[in-house]
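K.L.:
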Amino acid sequence: MSGAGGFEAHDEQDGYEGRGAREGSRDREVFPEDTEKMSDGLGNGDDSTGNAGDDHESGQGADAHDAGGAGSAGGGGPYAPEDPAGNNSPATDPHHTPRIPLPRASVEDTGRPLPALEEPVPSVPLVLEHRVLKALLGAWALAACSAEETAAVEDHLGVCGACADEALRLRGAVGLLQRPESLDLDPGLRTRVLEGCLDRRPPRIPVPEWATPYDAETARLDALLQDFGDSEWHAPVRLRWFDADEATSRRTTVAGVMAHLMSVDGLVAVALGLDDPMGEVQADAPTPAGRTEAYWRASHFPPTRSVRTPWREQSHDLVRTVSFTGGTSGKLEVAYGDFVLPLHDAMLDRAFECWVHAEDIAEAVDYPYEPPSPRHLNRMIDLAARVLPAVLAERRQKGLASPAHGRHLVSAGGPGRTLRLEIEGLGGGEWLIPLDSPAAAGSAEHEVAHVALDGVEFCQLAAGHVPPAEAAAGQLGDREAIRDVLFAAASLSRM
Numbered sequence: 029m030s031g032a033g034g035f036e037a038h039d040e041q042d043g044y045e046g047r048g049a050r051e052g053s054r055d056r057e058v059f060p061e062d063t064e065k066m067s068d069g070l071g072n073g074d075d076s077t078g079n080a081g082d083d084h085e086s087g088q089g090a091d092a093h094d095a096g097g098a099g100s101a102g103g104g105g106p107y108a109p110e111d112p113a114g115n116n117s118p119a120t121d122p123h124h125t126p127r128i129p130l131p132r133a134s135v136e137d138t139g140r141p142l143p144a145l146e147e148p149v150p151s152v153p154l155v156l157e158h159r160v161l162k163a164l165l166g167a168w169a170l171a172a173c174s175a176e177e178t179a180a181v182e183d184h185l186g187v188c189g190a191c192a193d194e195a196l197r198l199r200g201a202v203g204l205l206q207r208p209e210s211l212d213l214d215p216g217l218r219t220r221v222l223e224g225c226l227d228r229r230p231p232r233i234p235v236p237e238w239a240t241p242y243d244a245e246t247a248r249l250d251a252l253l254q255d256f257g258d259s260e261w262h263a264p265v266r267l268r269w270f271d272a273d274e275a276t277s278r279r280t281t282v283a284g285v286m287a288h289l290m291s292v293d294g295l296v297a298v299a300l301g302l303d304d305p306m307g308e309v310q311a312d313a314p315t316p317a318g319r320t321e322a323y324w325r326a327s328h329f330p331p332t333r334s335v336r337t338p339w340r341e342q343s344h345d346l347v348r349t350v351s352f353t354g355g356t357s358g359k360l361e362v363a364y365g366d367f368v369l370p371l372h373d374a375m376l377d378r379a380f381e382c383w384v385h386a387e388d389i390a391e392a393v394d395y396p397y398e399p400p401s402p403r404h405l406n407r408m409i410d411l412a413a414r415v416l417p418a419v420l421a422e423r424r425q426k427g428l429a430s431p432a433h434g435r436h437l438v439s440a441g442g443p444g445r446t447l448r449l450e451i452e453g454l455g456g457g458e459w460l461i462p463l464d465s466p467a468a469a470g471s472a473e474h475e476v477a478h479v480a481l482d483g484v485e486f487c488q489l490a491a492g493h494v495p496p497a498e499a500a501a502g503q504l505g506d507r508e509a510i511r512d513v514l515f516a517a518a519s520l521s522r523m
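Residues 29 to 523 (my numbering) are what the sequence shown spells out, left to right.
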């Protein structure tokens with residue numbers, strides 16, 4: 029501060045004490061005129077202790093300035109420096125309050141005895157009459173009693189058999205009032221939400237009803253493959269099927285299974301005029317097995333995760349193409365080499381194989397996989413039931429099925445001997461399978477055998493994953509007819 033009302037610049041970090049310390053450290057000589065100017069600048073020169081003027085008159089103030097630097101001699105002003113000797117230091121001044129409080133000493137460190145803890149007063153058990161305790165059983169079952177009432181009721185239940193039985197019945201009734209709800213989302217929630225959205229705003233180009241199983245199964249398999257690492261893609265998978273009534277298998281990997289699905293889906297793509305995923309690779313036979321073996325041989329390295337993208341793009345192209353045709357393309361035929369299927373049935377066949385091989389992949393990586401929706405599962409079973417008469421006739425021609433006793437020729441469309449195929453569970457139903465000829469009609473009046481199977485188990489039989497002798501849950505009637513139909517169902521399987 030210079031003159032009356034004037035200020036000098038200083039650093040914020042120094043504060044008043046820091047500035048005085050720097051000035052005191054310079055050992056600057058203080059002259060009387062400087063003291064007068066400083067006294068004038070601070071006011072009337074009076075120190076906060078009331079003796080600054082006396083010290084200045086007797087020369088003691090000058091000695092104080094020489095020892096500690098510029099400022100008032102009493103140390104009460106804002107620019108009073110700290111005394112190096114510790115006379116006016118905040119740490120030694122008993123009347124000076126430190127800016128940072130000192131830490132408190134713990135009672136354990138003082139050596140003094142710890143205060144005695146108050147002993148909790150033991151609670152007196154609640155004593156209630158029998159009629160009161162019996163009236164509290166309902167509230168006890170609902171967990172609505174206080175702690176004392178709960179203890180009293182539970183003590184009473186140990187000595188009163190009638191109340192114990194009543195409490196057991198009431199506790200069981202509480203469970204019926206509100207069943208515990210799972211924190212997991214309802215598995216059908218997504219389907220219901222999507223159906224509600226589509227009902228409000230139907231798609232401009234809808235997917236044909238007969239193509240929805242293939243669309244759903246390819247989407248489920250793609251979701252399974254989404255988080256696979258290199259180890260999962262190279263996990264060993266064993267493909268199983270029946271050939272000439274004998275179980276057959278082929279070892280490959282998860283990526284090899286996807287290459288197999290893509291090469292066989294290519295049969296449908298070629299029928300629709302799309303690109304063949306085989307490219308320039310020539311198969312020895314235009315069958316699913318021949319195309320798969322040719323694709324595997326043409327790969328210089330074992331298939332890896334790179335096969336997922338072309339397979340998924342091809343499945344999208346198939347669904348998109350049949351949707352753009354408005355469902356009229358269902359009359360096309362898809363050649364499988366040694367047999368032909370209409371496009372409607374071929375898409376169901378591809379959906380069925382996609383699900384079966386998805387289960388093979390899930391089993392290889394130890395991951396759960398659910399069967400298709402009941403509506404889609406019913407259509408897959410219906411396809412197998414419609415194909416069974418033709419497969420049964422072909423097996424008879426090859427001598428793989430025994431000629432049935434009492435077989436008689438029937439006219440096309442006429443009733444003949446019939447086996448009732450009952451499929452239980454979700455997606456189930458009943459089908460009448462004609463045994464004499466594919467052109468015959470199934471008739472309940474000519475029923476000679478009855479077979480009952482679970483829906484998923486029947487599909488596993490048709491996929492070649494379950495032996496025919498272990499498939500049927502219930503059999504009644506002609507044993508030879510039942511055996512022929514079960515082995516015919518197993519012969520539907522292929523690689």
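The beta carbon of each residue, even a glycine, is placed where N, CA and C say it ideally should be.
Confirm, please, whether the CB-CB distance from L411 to V350 is below 9 Å.
P.N.:
Here residue 350 refers to the residue found at position 322 when the sequence shown is read from its first residue. Here residue 411 refers to the residue found at position 383 when the sequence shown is read from its first residue. Taking 9 Å as the Cβ cut-off, V350 and L411 do not qualify as a contacting pair.
K.L.:
Opposite W269 in the DSSP bridges: which residues?
P.N.:
As a first step, residue 269 must be located in the sequence shown, where it is residue number 241. DSSP lists T276 as partners of W269.
K.L.:
For L449, report the span of its beta strand (DSSP E) as first-last.
P.N.:
Taking the first residue of the sequence shown as 1, we reach residue 449 at position 421. Looking at the DSSP string, the run of the beta strand (DSSP E) that includes L449 is T446 to E452.
K.L.:
Between C225 and E237, what straight-line distance do the alpha-carbon atoms span, to the nearest angstrom?
P.N.:
By 1-based counting over the sequence shown, the position of residue 225 is 197. By 1-based counting over the sequence shown, the position of residue 237 is 209. Answer to the nearest angstrom: the Cα atoms are 17 Å apart.
K.L.:
Using 8 Å as the Cβ pair cut-off and three pairs as the minimum, do the region 359–379 and the region 251–261 touch?
P.N.:
As far as the Cβ criterion goes, the region 359–379 does not touch the region 251–261, which means the pair count is below three.
K.L.:
Alpha carbons only, please: which of P141, G453 and P417 is nearest the one belonging to S465?
P.N.:
As a working mapping, residue 465 is identified with position 437 in the sequence shown. Comparing Cα-Cα distances from S465 to each of P141, G453 and P417, the minimum goes to P417.
K.L.:
Given a cut-off of 9 Å on the beta-carbon distance, is the pair H478 and L520 in contact?
P.N.:
The count along the sequence shown starts at 1 and reaches residue 478 at position 450. The count along the sequence shown starts at 1 and reaches residue 520 at position 492. No, the Cβ-Cβ distance between H478 and L520 is not below 9 Å.
K.L.:
Below 8 Å CB to CB, which residues in the same chain sit around A167 once its five sequence neighbours on both sides are set aside?
P.N.:
If you number the sequence shown from 1, residue 167 lands on position 139. C173 and E177.
K.L.:
Taking 9 Å as the CB-CB cut-off, is S327 touching chain D?
P.N.:
Although the question refers to chain D, the structure presented lacks it and comprises just one protein chain.
K.L.:
Whose C-alpha, out of G453, L454, E452 and H474, is nearest the C-alpha of L460?
P.N.:
Counting from 1 along the sequence shown, the entry for residue 460 is found at position 432. Nearest C-alpha to L460: H474.
K.L.:
Run the CB neighbour count on A509, radius 10 Å, all protein chains shown included, and call it buried at 16 or more, exposed below.
P.N.:
Translated into the one-based positions of the sequence shown, residue 509 becomes position 481. Counting Cβ neighbours within 10 Å, A509 comes out buried, since at least 16 surround it.
K.L.:
Spatial neighbours of D250 within its chain, please: C-beta separation below 6 Å, excluding the five flanking residues on both sides.
P.N.:
Numbered from 1 along the sequence shown, position 222 holds the residue referred to as residue 250. Excluding sequence neighbours, D250 sits near R340.
K.L.:
Between V292 and G203, what straight-line distance do the alpha-carbon atoms span, to the nearest angstrom?
P.N.:
The sequence position of residue 292 within the sequence shown is 264, counting from 1. The sequence position of residue 203 within the sequence shown is 175, counting from 1. Distance between the alpha carbons of V292 and G203: 53 Å.
K.L.:
Given a cut-off of 9 Å, decide if V181 and L164 are closer than it, judged by their beta-carbon atoms.
P.N.:
Translated into positions along the sequence shown, residue 164 becomes position 136. Translated into positions along the sequence shown, residue 181 becomes position 153. Yes. Within cutoff.
K.L.:
Using 8 Å as the Cβ pair cut-off and three pairs as the minimum, do the region 265–281 and the region 363–372 touch?
P.N.:
These segments do not touch.
K.L.:
Within the same chain, show all residues whose beta-carbon is closer than 7 Å to that of H184, passing over the 5 residues directly before and after it, in chain order.
P.N.:
For the purposes of this step, residue 184 is identified with residue 156 of the sequence shown, where counting begins at 1. Within the same chain, H184 has close Cβ partners L161 and C191.
K.L.:
So, L481 versus A497, is the Cβ gap smaller than 9 Å?
P.N.:
Sequence index remark: in the sequence shown, residue 481 carries index 453 (1-based). Sequence index remark: in the sequence shown, residue 497 carries index 469 (1-based). No, Cβ-Cβ distance for L481 and A497 is not below 9 Å.
K.L.:
Rounded to the nearest angstrom, what separates E147 and E194 at their Cα positions?
P.N.:
Counted from its first residue, the sequence shown places residue 147 at position 119. Counted from its first residue, the sequence shown places residue 194 at position 166. Cα-Cα distance, rounded: 39 Å.
K.L.:
Kindly provide the ranges of any alpha helix (DSSP H) runs that are 4 or more residues long and lie completely inside the region 141–165, ordered along the chain.
P.N.:
As far as the region 141–165 is concerned, its whole alpha helix (DSSP H) runs of at least 4 residues are 158–163.
K.L.:
In angstroms with no decimal places, state the Cα-to-Cα distance between L371 and G200.
P.N.:
Taking the sequence shown and counting its residues from 1, one reaches residue 371 at position 343. Taking the sequence shown and counting its residues from 1, one reaches residue 200 at position 172. The straight-line gap from Cα to Cα measures roughly 56 Å.
K.L.:
Can you list, in chain order, the residues of its chain with a C-beta nearer than 8 Å to that of G359? Leave out the 5 residues immediately preceding and following it.
P.N.:
For the purposes of this step, residue 359 is taken as residue 331 along the sequence shown, with counting starting at 1. In the sequence as presented, Gly is not what sits at residue 359; that position holds Lys. Here the set comprises P370 and L371.
K.L.:
Between which two residues does the alpha helix (DSSP H) carrying L300 extend?
P.N.:
Taking the sequence shown and counting its residues from 1, the one referred to as residue 300 is at position 272. Neither: L300 is in no alpha helix (DSSP H) and is coded neither H nor E.
K.L.:
Is it buried or exposed, P231, if we count other Cβ atoms within 10 angstroms and call 16 or more buried?
P.N.:
Translated into the one-based positions of the sequence shown, residue 231 becomes position 203. With fewer than 16 other Cβ atoms within 10 Å, it is exposed.
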